[in-house]
Amino acid sequence: MGITKICCIGAGYVGGPTMAVIAQKCPHIQVTVVDLNEARIAAWNDKDLSQIPIYEPGLDVIVGEARGRNLFFSTDVDKAIDEAQIIFISVNTPTKTYGKGKGMAADLKYIELCARQIARVAKDNKIVVEKSTLPVRTAEAIKSILDNTGNGVQFQILSNPEFLAEGTAVEDLLNPDRILIGGDSTVEGQKAIQSLVNVYSNWVSDEKILTTNVWSSELSKLTANAFLAQRISSINAMSELCEKTGADVSEVAKAIGMDSRIGSKFLKASVGFGGSCFQKDILNLVYIAKSYGLNEVADYWEQVIIMNDHQKRRFSDKIVQTLYNTVSGKKITFLGWAFKKDTNDTRESAAIYVADDLINEHANIAVYDPKVSTNKIIDDLNYLETRTAEKNENRISCFTDPYQACHNAHAIAVLTEWDEFKTFDWQKIYDAMQKPAFIFDGRNLLNGAELKAIGFVYHGVGA
Ligand code: NAD
Ligand code: UGA
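Next up, the structure:
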């Protein structure tokens, strides 16, 4: 089947950029991205491209090229479903906050709502693509809903997980390591797979497009995130041992990374990984393993999260201990709040947890982040429900000028590895700080030797 119309439900970090790239690379396909969130859709349609709701390097140019030509953002979900031959489901699948599996299992209520809506609206055969990250065997549930509540039309379910990382989304989408498509082995299933392969082959070479059965595809996504996060927890575990023994974790990472079997990527010790997915997906994996009675498998992966929580707590503890065991009433400046550089996303950012710990110790936190708004920072803290919103607001102040943020501070903590922090006038910052002037570099971003020469007391991670 020649695909001419695609719809994507969910205009978030995945749906927006992924569909923008499909539209750019496939001018013959009309791509409509729909969402219930009117404000988000309005922002995607903003004439001023700097106002689109997701900051990703290069995304504004792609949206600018395709929007209005063959890329559309709309709140009319029914119409888009009705017209499309392929429907991507790219809605959020957060960790459940209630009921059975609370705090671990993926909450699939948004997925089910999409399935029911597709079933109700579809009047001809559709290919439904799981783009969201889902527990293995979710396609079975989606198929059951579609077949039992639909209008007698045929549905093919494909799994096509997304592997983009935020901050490099456009680059990752344009040059993916692989595209994974899982589908049924039936003739109709294979036809559906081929339809989706044909979309991607407009810009991705054949050898990078991998097709599997549905369950392998669903489970590969959770496995990839678990392996990636495990590497970070592994190097972070070593960072603590380095601090005790005089080894330097950057040197250790370099030494082991040169072994081609280990590889050099994803070995950067840090204040702990954040982001919307690593923790959520590993907890989901742990829950699935437990539900099959595989307790050793569950415990093995849970340790990745335990180590990450420990790393975040260790960082805040170190600040308190180094500042003579009290930060009460002291100004601690956070450089960065986003969970990594080049994104305005703060979900599960280590900064939130470190700030929460330090506020418990009555510190005053000043924040400078080039892309994150004050409201977002306050909302992130309020979401933890550790204290009242008013108390959070009294303890947090946000700045648009880094020098003001650092003025009179007792300590600076680097929480995000924004490149611009390296170019600051550190002498000027030092001169305006309380002494001793401490820096806790949670990203090993800055040049410790130069800062020490200025007079700072510099602490990196793992050295
Ligand atoms: P997001 O929260 O940014 O976006 C999801 C959007 O779906 C929201 O705008 C929400 O309003 C919309 N939505 C929810 N239910 C809806 C419904 N019934 N109808 C219409 N719209 C609805 O989430 P995201 O970060 O884009 O993640 C989406 C999925 O992709 C998740 O499963 C996630 O695990 C996975 N994923 C995310 C990333 C990432 O980098 N963020 C990368 C790979 C995979
Ligand atoms: C991650 C994966 O890299 C993507 O492949 C996947 O698609 C995505 O999750 C998802 O499923 O949501 P993302 O979370 O956007 O992407 O960003 P990463 O680059 O993986 O960084 C995650 C966290 O780990 C960040 O807080 C980052 O600072 C931290 N990190 C990363 C380290 O502390 N050390 C490293 O060496 C690498």
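If you count the sequence shown from 1, position 288 lands on 288 in UniProt numbering, and the numbers rise without skipping.
Glycine residues also receive a C-beta, built at the ideal position from the N, C-alpha and C atoms.
In this text, all values refer to a predicted model and were calculated from it rather than measured experimentally.
- For G293, no alpha helix (DSSP H) segment is defined, and its DSSP state is neither H nor E.
- Residue environment analysis places I262 among the exposed positions, since fewer than 16 neighbouring C-beta atoms fall within 10 angstroms of its C-beta.
- With a contact defined as Cβ atoms closer than 8 Å, I9 and F73 miss out at about 12 Å.
- Linking I54 to Y13 through their CA atoms gives a straight-line distance of about 7 Å.
- By the CB criterion at 8 Å, C26 and N202 fall inside the cutoff.
- For the 8 Å CB-CB criterion, I86 and V129 form a contact.
- For F72, the enclosing beta strand (DSSP E) has its first and last residue at L71 to S74.
- By the Cβ neighbour-count rule, S195 is buried, with 16 or more other Cβ atoms within 10 Å of its own.
- DSSP places V34 in the strand class (E or B) of the three-state scheme.
- Between V457 and A437, the C-beta spacing is below 8 Å.
- In the DSSP assignment, Q156 falls within the unbroken beta strand (DSSP E) covering F155 to S159.
- Sequence-distant Cβ neighbours of Q311 in its own chain, meaning closer than 6 Å and more than five residues away, are N236 and G272.
- Under DSSP, T333 shares a beta bridge with A366 and I412.
- For F88, the enclosing beta strand (DSSP E) covers residues I86 to I89.
- Beta bridge pairing from DSSP links R116 with no other residue.
- In this structure, T346 and I352 form a Cβ contact; the two beta carbons are roughly 7 Å apart against a cut-off of 8 Å.
- Beta bridge pairing from DSSP links T211 with I181.
- The beta carbon of D82 sits no closer than 7 Å to any heavy atom of ligand 1.
- Under the three-state reduction of DSSP, S264 is assigned to coil, being neither helix nor strand.
- Of the other Cβ atoms in all chains shown, fewer than 16 fall within 10 Å of the Cβ of R69; this residue is therefore exposed.
- Per DSSP, the unbroken beta strand (DSSP E) holding Y458 starts and ends at V457 to H459.
- DSSP places C398 in the uninterrupted beta strand (DSSP E) bounded by I396 to F399.
- Taking C-beta atoms under 8 Å as the contact rule, L285 and A226 qualify, at a distance of about 6 Å.
- Nearest Cα to V367 within the set G336, D380, H407 and L323: G336.
- Closest in alpha carbon position to Y403, among V354, P370 and K376, is P370.
- Burial check for N148: the Cβ neighbour count within 10 Å stays below 16, so the residue is exposed.
- Apart from sequence neighbours up to five positions away, the residues of its chain that approach I232 with a beta-carbon distance below 6 Å are F273, ordered along the chain.
- Shortest gap from the CB of N37 to any heavy atom of ligand 1: under 7 Å.
- For S185, the closest C-alpha among the options D401, P161, I282 and W215 is that of W215.
- By the C-beta density criterion, G152 is exposed, having fewer than 16 other C-beta atoms within 10 angstroms.
- Nearest to A105 by alpha-carbon distance, out of I412, T95, L49 and G99, is T95.
- For I439, the enclosing beta strand (DSSP E) begins and ends at F438 to D441.
- Per DSSP, C242 has no beta-bridge partner at all.
- Secondary structure at A247: coil, using DSSP grouped into helix, strand and coil.
- Inter-residue distance for D78 and L451 is about 58 Å (C-alpha atoms, whole angstroms).
- Looking at the backbone, the Cα of E296 and that of G103 are separated by about 19 Å.
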